[in-house]
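Residues -22 to -1, 1 to 251 in mature numbering (1 follows the signal peptide of the UniProt record, and there is no 0) are what the sequence shown spells out, letter by letter. Note sheet for the following structure.
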Amino acid sequence: MKYRILFLLLAIALLAAPGARAVTPAAKPAQPAVSQGVNVPILLYHRFGPTVADGMTIKTSVFEEHLKYLRDNGYTVIPLRKLVDYYLKKGPAPAPKSVVIVEDDAHKTVFSDMLPLAKKYNVPVTVFVYPSAISNAKYAMTWEQLKILQKNGFDIQSHTFWHPNFKHDRKKMPPAEFEKSVQTQLKKSKARLEEKLGTKVDLLAWPFGIYDDYLLKRAAEAGYVATFTIEAHHAGPGDVAMKLPRYLLINADQGKSFARIVEGTAPKRNLVY
């Protein structure tokens, strides 16, 4: 009995010693959140077809090769709006290997060629439209076709009202006339698209990629929250919503050439729009 009491006292003494107390494992320091930068190529298409009719035409088969490459190499085509929301601080940075697909001009082959492939590969597309051509010019889509695009997930946005060359207009027009023309191009396009399609129009692609500080200011005043150029580089941390870059693609952008564009390693080139 005496030994049991001595053993108990010894155990209590050991537990009371500073080095013998049970130690709660220290919590691991919280890892700092990785600040994820944005690095997204915006791929710009114009027209499609079985043959290369002009510099802006990409064979439909080549467009499908692009979509296959993106799918097979782990890229995700995201809506343009998701990228814009990041720049407007309304959403997170797109995930790595995100890509955006857009089209300018609403050419009729968007309906006949691009739409079926967009559905097949389940990719979102934004179409920049100048309304004066819709249901009017032979090369353009109709309002009914644009509505079908909308039902299939396409976003319809502005490309001004009749696709002017602002650089030429500024040279040949008196200042007051040029100001009036700019207001018409920006506001009338937005109003017509919203009226005809019941959509929110606040994105603008500059015709011929022409813009300057004056035009940017007028676009913001007209209600556009983002505008798009044809400066060939990925949308990155140094860009802003009102001057987002796009790659103007041509039919020669195939195989390794296309891969390098998407990777951001393509050599710089000067394209005549």
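Positions of the beta carbon are idealized from the N, C-alpha and C atoms, including for glycine. As the structure is a prediction and not an experimental result, all values here were calculated from the model.
- Taking the Cα positions, residue 141 is about 6 angstroms away from residue 108.
- Annotation: residue 204 to residue 157 spans about 20 angstroms, alpha carbon to alpha carbon.
- Listed in chain order, the non-local C-beta contacts of residue 89 below 6 angstroms within the same chain comprise 119, 123, local neighbours out to five positions each way being set aside.
- Between the region 225 to 232 and the region 18 to 25 there are three or more C-beta pairs closer than 8 angstroms, enough to call the two in contact.
- At a cut-off of 4 residues, the continuous stretches assigned as alpha helix (DSSP H) that sit fully inside the region 191 to 248 are 191 to 199, 234 to 241.
- Following the DSSP letters along the chain, one finds residue 124 inside the alpha helix (DSSP H) bounded by residues 121 to 129.
- For residue 105, the secondary structure class from DSSP, reduced to helix, strand or coil, is strand.
- The Cβ atoms of residue 233 and residue 207 do not sit closer than 7 angstroms to each other.
- For the 7 angstroms CB-CB criterion, residue 61 and residue 74 do not form a contact.
- Counting other Cβ atoms within 10 Å of its Cβ, residue 66 stays below 16 and is therefore classed as exposed.
- The criterion of a C-beta distance shorter than 7 angstroms is not satisfied by residue 101 and residue 132.
- The DSSP-derived three-state label of residue 156 is helix.
- Selection 161, 240, 91 evaluated against residue 29 yields 91 as nearest (Cα-Cα).
- In terms of Cβ geometry, residue 126 and residue 103 do not form a close pair [threshold 7 angstroms].
- Contact between residue 139 and residue 162 holds, since their C-beta atoms are separated by about 6 angstroms, short of 8 angstroms.
- Residue 77 sits close to residue 55, with the two beta carbons spaced by under 7 angstroms.
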